[in-house]
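Notes follow the structure.
Number of protein chains: 2
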Amino acid sequence: MAQLLSSAVQGYMANSSMIRKMFEQGIQLKKQYGEDKVYDFSLGNPDLPAPKAVVDGLKAFAESAGKPFSFGYTPNAGAPWAREALAKWISADQGVELAAGDVLLSAGAASALNAVLRAVFNPGEELIAFAPYFVEYDFYVANHGGHLTRVMTQKDTFRPDVEALEKAISAKTRAVIVNSPNNPTGVVYTLDEMKAICALLERKSAEVGHPIWLLCDEPYRFLAYDGCEVPSVLPLYRYAVVLSSFSKNMSLPGERIGYAALSPLLEERAELMAAITLTNRILGYVNAPIVGQHIMVAALGSAVDRDVYLRRRDAMADVLTQAGIEFTLPKGAFYFFPKAPGGDDKAFVAALAEERVLGVPGSGFGCPGFFRLAFCVDEKVIRNSAEGFAKARAKFA
Amino acid sequence: MAQLLSSAVQGYMANSSMIRKMFEQGIQLKKQYGEDKVYDFSLGNPDLPAPKAVVDGLKAFAESAGKPFSFGYTPNAGAPWAREALAKWISADQGVELAAGDVLLSAGAASALNAVLRAVFNPGEELIAFAPYFVEYDFYVANHGGHLTRVMTQKDTFRPDVEALEKAISAKTRAVIVNSPNNPTGVVYTLDEMKAICALLERKSAEVGHPIWLLCDEPYRFLAYDGCEVPSVLPLYRYAVVLSSFSKNMSLPGERIGYAALSPLLEERAELMAAITLTNRILGYVNAPIVGQHIMVAALGSAVDRDVYLRRRDAMADVLTQAGIEFTLPKGAFYFFPKAPGGDDKAFVAALAEERVLGVPGSGFGCPGFFRLAFCVDEKVIRNSAEGFAKARAKFA
Numbered sequence: 000m001a002q003l004l005s006s007a008v009q010g011y012m013a014n015s016s017m018i019r020k021m022f023e024q025g026i027q028l029k030k031q032y033g034e035d036k037v038y039d040f041s042l043g044n045p046d047l048p049a050p051k052a053v054v055d056g057l058k059a060f061a062e063s064a065g066k067p068f069s070f071g072y073t074p075n076a077g078a079p080w081a082r083e084a085l086a087k088w089i090s091a092d093q094g095v096e097l098a099a100g101d102v103l104l105s106a107g108a109a110s111a112l113n114a115v116l117r118a119v120f121n122p123g124e125e126l127i128a129f130a131p132y133f134v135e136y137d138f139y140v141a142n143h144g145g146h147l148t149r150v151m152t153q154k155d156t157f158r159p160d161v162e163a164l165e166k167a168i169s170a171k172t173r174a175v176i177v178n179s180p181n182n183p184t185g186v187v188y189t190l191d192e193m194k195a196i197c198a199l200l201e202r203k204s205a206e207v208g209h210p211i212w213l214l215c216d217e218p219y220r221f222l223a224y225d226g227c228e229v230p231s232v233l234p235l236y237r238y239a240v241v242l243s244s245f246s247k248n249m250s251l252p253g254e255r256i257g258y259a260a261l262s263p264l265l266e267e268r269a270e271l272m273a274a275i276t277l278t279n280r281i282l283g284y285v286n287a288p289i290v291g292q293h294i295m296v297a298a299l300g301s302a303v304d305r306d307v308y309l310r311r312r313d314a315m316a317d318v319l320t321q322a323g324i325e326f327t328l329p330k331g332a333f334y335f336f337p338k339a340p341g342g343d344d345k346a347f348v349a350a351l352a353e354e355r356v357l358g359v360p361g362s363g364f365g366c367p368g369f370f371r372l373a374f375c376v377d378e379k380v381i382r383n384s385a386e387g388f389a390k391a392r393a394k395f396a
Numbered sequence: 000m001a002q003l004l005s006s007a008v009q010g011y012m013a014n015s016s017m018i019r020k021m022f023e024q025g026i027q028l029k030k031q032y033g034e035d036k037v038y039d040f041s042l043g044n045p046d047l048p049a050p051k052a053v054v055d056g057l058k059a060f061a062e063s064a065g066k067p068f069s070f071g072y073t074p075n076a077g078a079p080w081a082r083e084a085l086a087k088w089i090s091a092d093q094g095v096e097l098a099a100g101d102v103l104l105s106a107g108a109a110s111a112l113n114a115v116l117r118a119v120f121n122p123g124e125e126l127i128a129f130a131p132y133f134v135e136y137d138f139y140v141a142n143h144g145g146h147l148t149r150v151m152t153q154k155d156t157f158r159p160d161v162e163a164l165e166k167a168i169s170a171k172t173r174a175v176i177v178n179s180p181n182n183p184t185g186v187v188y189t190l191d192e193m194k195a196i197c198a199l200l201e202r203k204s205a206e207v208g209h210p211i212w213l214l215c216d217e218p219y220r221f222l223a224y225d226g227c228e229v230p231s232v233l234p235l236y237r238y239a240v241v242l243s244s245f246s247k248n249m250s251l252p253g254e255r256i257g258y259a260a261l262s263p264l265l266e267e268r269a270e271l272m273a274a275i276t277l278t279n280r281i282l283g284y285v286n287a288p289i290v291g292q293h294i295m296v297a298a299l300g301s302a303v304d305r306d307v308y309l310r311r312r313d314a315m316a317d318v319l320t321q322a323g324i325e326f327t328l329p330k331g332a333f334y335f336f337p338k339a340p341g342g343d344d345k346a347f348v349a350a351l352a353e354e355r356v357l358g359v360p361g362s363g364f365g366c367p368g369f370f371r372l373a374f375c376v377d378e379k380v381i382r383n384s385a386e387g388f389a390k391a392r393a394k395f396a
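Note that the protein sequences, when read in sequence, are chains D and F. Mapping of the first sequence onto my numbering: residues 0 to 396, in sequence order. Mapping of the second sequence onto my numbering: residues 0 to 396, in sequence order.
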């Protein structure tokens, strides 16, 4: 019998086996040595409990959950009261004026992003991402018949290279995606950098004769350190769309609640909103989970304690410095992206795994020679991993 | 400036405006005449409250919701405990033996179906559906580069026409979708009909040299009347996949919790499960909403009271009979699909709307000349609509 799967998915399966093997190795190590003897920095699954307002909101919803339509469909863009509350919160948080009709609730930032891609991409068109980047973007654009082109960030600093971006843009370019605070590098783009990107895309949109969308994936917006500010792109560029979620700031990744927000500068934003409301429906998200919508409204403005993450960042910086591993100090998000001693990221990550320290090779983010560590784990785990890092480092002296 | 949207979505927007206008008309009518003076049979949004076990399950989850990882990501196919419970429940309900690894939890039946289509469709391939059918299927297959071909059911009875199906199958056919109990007709396929379809697809799969999947969309499985049985396809055909949700039996459509279940006859089902676990992730569903997973497990086996729907069906049958409108009595689901007096479904639905009775033209289901009425509304609304039906009918005498 011929193959079960589509040719594309058959290919994905073959390529994804490396990451699956690492994941299985982690489970194996934990079984063999015990959970507390494995230092797992491989996943961005927030360990802090959800803020109290989330739990209170859930309990309040439960009180009325026995009524008709409590769990009913909401409009495809979200319940009107939830969109209203979200628009107010984003407006206050980012210094813009958004109405309920400018925001779409979806099942996480990933689904909001897919809804936008489905609405604007024609087959064969191109999404540009600065590398290193979150590799799910490759799949997301392929879902809609497009493909992803990588533009390297500036050497070692991982800051956006606007000249390189300009060279990469062609008539096939439909959108550019930026992710700040960045996964995996922890870099936060400055206002000047965002303005430079917007000015370029404004000019290039006119040149190619169609909008080049700027998709800003911002789940880590709340998590910036050292007084670093995360500028809002919404007042800067009419073709900007913000995608985000409450997965990180409310520790809610499993409930799948996120959104898309349109720039108030876009005159035709009602048309785009109608389109992403449709694509949010036809992609099978239908509406953001109703319990998630209630929780979000109850807890808007509350967040987990950023200082916990700050202390972890500093602990990880100590551990890496002591081990003699080079890195750029992250200014946001909860990742380090250090240089792999010896230069071979897969080899170094394998050496770390021998010491029961788990990370992810930079190759998995389009950037070999580096590796990613997620520090959304207890500070003790970070401190206790010092010996493992030192031993692995010694092998590449 | 060139158009904002992709050419495909631009086309969808133009075509979807008719249904949007009807929806807006409904809101307008309710504002003008009051909610209780409008008889709205246009939407399949269940009005019965969720069963007590759902609310109890939600409250139990809320008690532990303040712990770390309570709202964390689950594996992409669902939490192991939720898959285990679901597999046991389906096994008992359908007389098959499924393991946890044979079921995938997703954000509703729509997302589970999209995950399967993404995994098996190559661009240009074809999904066949018996008409009338749920027109979202057109979008779902277009999402993955395929297209839908309609095969008409048997005249007036809406029973599957297996000979017509055979003629429609070609080397481009990748899957056939059936929906029983059916939306919009209320027809329930018999065991003999399902066996005939399976035997045909078994033979045709061998002929074309690739699996022709049988996708069974079954959200109304629990809702069959008059002692009518809903056969399970899982023990009949190795390439059968069941898609379903708890939207209807637990009145939970807004929380988005559904699943795919694979046939135990498929030897390579681990490969298919790995693929739909991947596609469930890359399509941006990531994992079924965690609160929904908890609720589902707490309430498996409970359902809303079927007898309420049965009484409504009988009330609607009375109303239509008195008005002199022809129909086939539905044996399942909560829809009537009567003949439009005068033959023009859009004209008759417009005449109904003038009497503040809302339905949907059969054209919206690939079957002009009929119209759909959803009876998931209070029995009083059905009884009180009698005058409206009679008046509209009189205009087409």
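Glycine included, every Cβ here is placed at the ideal spot set by N, Cα and C. Just so you know, these numbers come straight off a predicted model, no measurement behind them.
Span of the alpha helix (DSSP H), counted from its first residue to its last, around residue i
| i | result |
| --- | --- |
| Y139/D | 135-141 |
| P290/D | Reading the sequence as shown, one finds Val at residue 290/D and not Pro. Start and end: 289-298. |
| S90/D | 79-93 |
| V8/D | 6-14 |
| M315/F | 305-322 |
| N383/D | 378-383 |
Residue i, enclosing beta strand (DSSP E) - first and last residue
| i | result |
| --- | --- |
| N178/D | 172-178 |
| H146/F | 146-151 |
| L112/D | Here L112/D belongs to no beta strand (DSSP E); instead the alpha helix (DSSP H) covers 108-119. |
| V241/F | 239-244 |
| Y258/F | 257-261 |
| I433/F | With chain F represented from 0 up to 396, any question about residue 433/F goes unanswered, as that position is not in the structure. |
| I281/D | Taken as a continuous stretch (DSSP letters only), I281/D belongs to no beta strand (DSSP E), being part of the alpha helix (DSSP H) at 268-281. |
| V102/D | 102-105 |
Residue i at chain D interface by Cβ criterion, 8 angstroms
| i | result |
| --- | --- |
| E206/F | no |
| S384/F | no |
| D39/F | no |
| E440/F | No answer is possible for residue 440/F: it lies beyond the span of chain F, which begins at 0 and ends at 396. |
| N178/F | no |
| P210/F | yes |
| Y236/F | no |
| A316/F | no |
| Y139/F | yes |
Short CB-CB distance (under 8 angstroms) between residue i and chain F
| i | result |
| --- | --- |
| K345/D | no |
| D304/D | no |
| L264/D | no |
| L233/D | no |
| V186/D | no |
| P183/D | no |
| L200/D | no |
Proximity test, residue i beta-carbon vs the ligand ZN heavy atom, cut-off 7 angstroms
| i | result |
| --- | --- |
| S63/F | This structure simply doesn't include the ligand ZN, nor any ligand for that matter. |
Residues that DSSP places opposite residue i in a beta bridge
| i | result |
| --- | --- |
| G331/D | A223/D |
| K338/D | F369/D |
| A128/D | R149/D, I176/D |
| Y38/F | V356/F |
Against chain D: residues of the stretch 5-35 of chain F by CB proximity under 9 angstroms:
S5, S6, A7, V8, Q9, Y11, M12, S15, R19
Name, going along the chain, the residues of the stretch 217-230 of chain D whose beta-carbon falls closer than 9 angstroms to a beta-carbon of chain F.
Correct list: empty, as no residue qualifies.
Given 8 angstroms, three or more beta-carbon pairs between the stretch 84-93 of chain F and the stretch 177-189 of chain F:
no
The stretch 72-100 of chain D: positions lying closer than 9 angstroms to chain F by Cβ:
Listed by position, the residues of the stretch 72-100 of chain D near chain F (Cβ gap below 9 angstroms) are Y72, T73, A78.
Output needed in chain order: residues of the stretch 51-63 of chain D with a Cβ under 9 angstroms from some Cβ in chain F.
K51, V53, V54, L57, K58, F60, A61, E62
Looking at C-beta atoms only, is the number of pairs between the stretch 286-298 of chain D and the stretch 348-361 of chain D that lie closer than 8 angstroms three or more?
no
So if I threshold CB-CB distances at 7 angstroms, which residues from the stretch 239-259 of chain F count as touching chain D?
S250, L251, P252, G253, E254, R255
Cβ contact (3+ pairs, closer than 8 angstroms) linking the stretch 187-207 of chain D and the stretch 162-170 of chain D:
yes
The stretch 272-293 of chain F: which residues have C-beta closer than 7 angstroms to a C-beta of chain D, in chain order?
Residues of the stretch 272-293 of chain F that bring their beta carbon within less than 7 angstroms of a beta carbon in chain D comprise A273, A274, L277, T278, I281, L282, G283, Y284, V285, N286, P288, I289, V290, G291, in sequence order.
Using 8 angstroms as the cut-off, can you tell me whether the stretch 34-51 of chain F makes contact with the stretch 372-385 of chain F, which would need three or more C-beta pairs spanning the two stretches below that distance?
Yes: the two stretches touch, three or more of their Cβ pairs being nearer than 8 angstroms.
Does the stretch 269-281 of chain D come within contact of the stretch 339-347 of chain D, defined as at least 3 CB pairs closer than 8 angstroms?
no
Can you confirm whether the stretch 218-237 of chain D touches the stretch 252-269 of chain D when touching is taken to mean that 3 or more C-beta pairs between the two stretches lie within less than 8 angstroms?
yes
Quick check: the stretch 34-44 of chain D against the stretch 281-290 of chain D, are there 3 or more CB pairs under 8 angstroms?
no
With three or more C-beta pairs closer than 8 angstroms as the rule, is the stretch 93-108 of chain D touching the stretch 297-307 of chain D?
no
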